[in-house]
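First comes the structure, then the notes that go with it.
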Amino acid sequence: MLAVNATFAQTVPTCSLNPTFIAAPKVGVFPDSVTNFVSGTVGVPYVENLTVKVPTDTSSSGLNFCFHRFELTNPATSTNYNLPPGLNFGSSNTTLSITPVNGAPAFKFPRTGNYCASVYGTPTTAGTYTLHLVVTPFVSLKPLFGGCSTPSDGSGGSGSLAAPQTLNYYIIKINAPIGVQEIGKDKFGLMQNSPNPFTGKTEIKYYVEDESNATLTVYNSLGAIVNTQTSKTQLGENTFTFDSKGLSAGVYIYTVTYKNSVSTKRLVITE
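Residue numbers for the sequence shown, in my numbering: 25 to 295.
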């Protein structure tokens with residue numbers, strides 16, 4: 025998704041399609057409502073890649089329909105989709121049709137296409153934010169003979185306007201920044217990796233109470249382990265360095281295990 029002015033658009037990161045979702049026999053948006061969006065931390069750069077697969081033909085109540093496109097807009101009752109302050113919607117997909125609606129960019133996704141988009145920026149205020157999205161499908165009855173036409177862009181398709189739906193199930197949690205003084209000498213604390221998102225290497229800092237062993241484990245979106253490493257800790261700040269070489273772009277889960285404590289966060293690898 026693109027920003028509404030040139031200066032804003034220059035900050036939009038390069039997005040990528042999720043290969044697992046593209047290969048699956050599904051349409052819609054990934055991450056879905058179950059996976060939901062990655063959490064963030066105040067002052068730490070944030071990005072969540074979205075993959076959009078638009079359906080072609082569809083059926084309902086014994087009738088066949090042509091799905092021309094769907095539009096994503098900001099509801100009139102919300103500001104910037106109710107994204108956390110400091111975050112925005114954008115896309116490096118230049119084929120998308122963008123027009124501002126209700127003070128935020130609105131997007132037209134044509135049929136028979138796969139698109140990527142991003143929620144990005146640097147969050148400024150901690151809290152849990154429920155996104156407000158209006159999705160409007162454009163459909164028409166499929167001709168008795170022949171197939172559905174394919175619009176050349178997101179504004180094409182003369183389908184009748186179906187009822188819009190307001191989605192309120194996507195959540196982004198923004199955590200307050202964590203400092204050494206907030207963790208305390210007798211506790212275990214895991215920081216968000218930095219930089220994040222990243223290409224190449226990122227550092228994962230954590231704080232412990234004494235000398236022992238800590239283990240870093242990184243999982244892909246299917247739950248498979250892609251990296252594990254163990255190191256002997258020292259009192260205070262410790263660091264794991266994680267190298268993404270050989271891994272696909274996307275969202276990964278990482279855990280750090282220390283004694284009987286396990287802490288989990290997400291990291292984002294970009295191309």
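Backbone N, C-alpha and C define an ideal beta-carbon position, used for all residues, glycine too.
Remember, predicted model here, so these are calculated numbers, not experimental data.
| Item | Value |
| --- | --- |
| Compare the C-beta of Val292 with all C-beta atoms of chain D and state if any pair is closer than 9 Å. | Protein chains in the displayed structure number just one, and chain D is not present. |
| Evaluate Asn237 with the Cβ neighbour count: other Cβ atoms within 10 Å of its Cβ, from every protein chain shown; 16 or more gives buried, anything less gives exposed. | exposed |
| Please name the residue, chosen from Val159, Thr154, Asn251, that lies closest to Gly270 on a Cα-to-Cα basis. | Asn251 |
| What does the Cβ neighbour count give for Ser102, buried or exposed, with the cut at 16 atoms within 10 Å? | buried |
| Ordered along the chain, which non-local residues of its own chain (more than five positions away) have a Cβ less than 6 Å from that of Gly64? | Tyr70, Pro147, Ile198 |
| So, is Asn284 buried or exposed, given that buried needs 16 or more other C-beta atoms within 10 angstroms? | exposed |
| If you draw a straight line from the alpha carbon of Leu155 to that of Pro161, how long is it in whole angstroms? | 19 Å |
| Cutting at 6 Å between CB atoms, please list the residues of its own chain near Phe264, excluding the five before and the five after it. | Ile228, Leu240 |
| Reducing DSSP to helix, strand and coil, say where Tyr278 ends up. | strand |
| Where does Tyr194 fall in DSSP's three states? | coil |
| For Gly137, I'd like the list of residues in its chain whose CB is within less than 6 Å of its CB, leaving aside the five on either flank, ordered along the chain. | Val78 |
| What would DSSP say about Ser116, mapped onto helix, strand or coil? | coil |
| In terms of alpha-carbon separation, which member of Thr118, Tyr282, Tyr144 lies closest to Phe298? | The question about residue 298 has no answer here: the residues shown for the chain are numbered 25 through 295. |
| Can you list, in chain order, the residues of its chain with a C-beta nearer than 6 Å to that of Asn217? Leave out the 5 residues immediately preceding and following it. | Thr226, Ile228, Leu291 |
| Below 8 Å, how does it come out for the region 119–128 and the region 49–58: are there three or more Cβ pairs, yes or no? | no |
| Where does Leu157 land, buried or exposed, given buried means 16+ other C-beta within 10 angstroms? | buried |
| Suppose only complete runs of 4+ residues qualify. What are the alpha helix (DSSP H) ranges in the region 201–277, listed by chain order? | 204–207 |
| Rounded to the nearest angstrom, what separates Val286 and Ser121 at their Cα positions? | 44 Å |
| Measuring alpha carbon to alpha carbon, tell me which residue in Glu95, Leu74, Val62 is nearest Phe45. | Leu74 |
| Considering only the alpha carbon of each residue, which of Glu235, Phe91, Thr294, Gln189 lies closest to Pro134? | Phe91 |
| Could you check how far apart the C-beta atoms of Met215 and Tyr230 are, in whole angstroms? I think they sit under 8 Å. | 6 Å |
| Restricting to runs no shorter than 3 residues, where is the beta strand (DSSP E) found entirely within the region 100–158? | 111–114, 121–125, 128–134, 138–145, 151–154 |
| Tell me which residue opens and which closes the beta strand (DSSP E) that Thr44 is part of. | Looking at the DSSP string, Thr44 is not in any beta strand (DSSP E); the run it does join, the alpha helix (DSSP H), is 43–47. |
| Provide the residue(s) that pair with Thr97 in DSSP beta bridges, ordered along the chain. | Val158 |
| Label Pro108 either buried or exposed according to how many other C-beta atoms from any shown protein chain fall within 10 Å of its C-beta, with 16 as the threshold for buried. | buried |
| Sort out for me which residues DSSP pairs Asp56 with in a bridge. | Looking at the DSSP assignment, Asp56 forms no beta bridge with any residue, so it has no partner. |
| Taking the straight line between their C-alpha atoms, what separation do you get for Ser179 and Gly260? | Interpretation of Ser179 is limited by its pLDDT of 47, a score under 50 that renders its predicted location unreliable; the figure taken from the coordinates is listed afterwards. The alpha-carbon atoms of Ser179 and Gly260 are separated by roughly 56 Å. |
| Specify the secondary structure class of Gly64 as computed by DSSP and reduced to three states. | strand |
| Could you name the residues that DSSP lists as bridge partners for Thr75? | Phe54, Cys140 |
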